[in-house]
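Presented below is the structure to which this report refers.
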Amino acid sequence: MKTILFILPIFIATQIIAQPMKTLEKISWHGQAAISIENGEQKIYIDPYKLENEDKADLILITHSHGDHLSADDIAMVATENTKFVCPHNCISPLQDLGYRNITGVSPGDRIMVDGTEILAVPMYNIVKTNFHPKENKWTGFVIDVGGVKVYHAGDTERIPEMKEVECDIVFLPLGQTYTMNSVEEAAEAALDTGAEIAIPIHYGLYEGTKEDALRFKELLAGKMDVVIMGE
68 MKTILFILPI FIATQIIAQP MKTLEKISWH GQAAISIENG EQKIYIDPYK LENEDKADLI
128 LITHSHGDHL SADDIAMVAT ENTKFVCPHN CISPLQDLGY RNITGVSPGD RIMVDGTEIL
188 AVPMYNIVKT NFHPKENKWT GFVIDVGGVK VYHAGDTERI PEMKEVECDI VFLPLGQTYT
248 MNSVEEAAEA ALDTGAEIAI PIHYGLYEGT KEDALRFKEL LAGKMDVVIM GE
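So the sequence shown is numbered by my numbering: it starts at 68 and just counts up by one.
Take a look at the structure:
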């Protein structure tokens with residue numbers, strides 16, 4: 068009996084630790100900042116862009132209004148008449164102009180529930196390159212609860228102080244150094260700020276940033292947190 072009591076907590080702890088990595092099986096990166104998540108029966112897209120296949124999204128999250136994040140053609144590939152949208156308030160009108168109506172506007176700090184999925188809107192902005200993503204625009208990253216695992220999509224952002232306040236298990240961070248982070252090293256520090264178990268680089272390889280940058284990101288975080296480079 069004593070042996071069983073000793074082993075059981077270890078088994079439970081192992082299951083908890085393994086959960087975020089298991090959740091990655093439900094997530095796909097489509098390039099740039101576009102990811103999709105299967106959360107039970109719900110299909111979620113964030114910033115769909117340059118998609119290769121049509122799909123049916125139950126929920127689409129938009130981080131901000133730039134064309135590689137709010138892309139009319141790509142949204143049309145996955146949106147149906149029943150698709151719900153969550154976005155910053157200044158993205159509502161562009162989506163309405165495209166004919167979509169089921170839209171919830173959010174500001175940083177807002178926490179909402181959409182068909183059983185909890186979503187927290189968090190700040191997303193530049194500190195150095197303020198003309199690209201100004202803080203006053205109140206654009207948002209998102210923390211999504213996926214079966215108890217908190218997935219943080221940071222959006223187009225530099226390393227900002229609020230990242231230390233975000234509770235997450237998996238973080239998707241932009242790696243391009245023209246519009247988002249100022250260096251790969253800054254992106255790695257941002258990953259550590261979040262306290263996530265797993266970091267995944269995105270927003271590289273198309274207009275800015277390279278695969279070598281992603282490998283450098285992984286190298287900088289070796290021994291500190293797991294880094295998964297999707298599409299390898």
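Every residue, glycine too, gets a C-beta built ideally from N, C-alpha and C. Note that the structure is predicted; figures quoted are calculated from it, not measured.
Between M292 and D164, what straight-line distance do the alpha-carbon atoms span, to the nearest angstrom?
Looking at the two C-alpha atoms, the distance is approximately 42 Å.
Three-way DSSP call (helix, strand, coil) for A257 in this model:
It is helical.
Taking only three categories from DSSP, how would you classify V295?
The answer is coil: DSSP assigns V295 none of H, G, I, E or B.
Does the beta carbon of V145 sit closer than 9 Å to a beta carbon anywhere in chain B?
Chain labels in this structure do not include chain B; a single protein chain is all it has.
Would you kindly work out how many angstroms separate the C-alpha atoms of E92 and I267, rounded to a whole number?
Rounded to whole angstroms, E92 to I267 spans 13 Å at the Cα level.
Can we say the stretch 140-151 touches the stretch 219-227, given the rule of at least three CB pairs closer than 8 Å?
Output reads no: the stretch 219-227 does not touch the stretch 140-151.
Could you check where the beta strand (DSSP E) with I129 kicks off and where it finishes?
Run containing I129: none; DSSP gives neither H nor E here.
For A124, which option in I194, A258 and D182 has the closest C-alpha, if you only look at C-alpha atoms?
Nearest C-alpha to A124: D182.
The ligand GDP and I265: does the residue's C-beta get closer than 8 Å to at least one heavy atom of that ligand?
In terms of ligand content, the structure shown is empty, and the ligand GDP therefore cannot be addressed.
Counting beta carbon pairs with one atom in the stretch 268-279 and one in the stretch 228-236, are three or more of them shorter than 8 Å?
No: the two stretches stay apart, fewer than three of their Cβ pairs being nearer than 8 Å.
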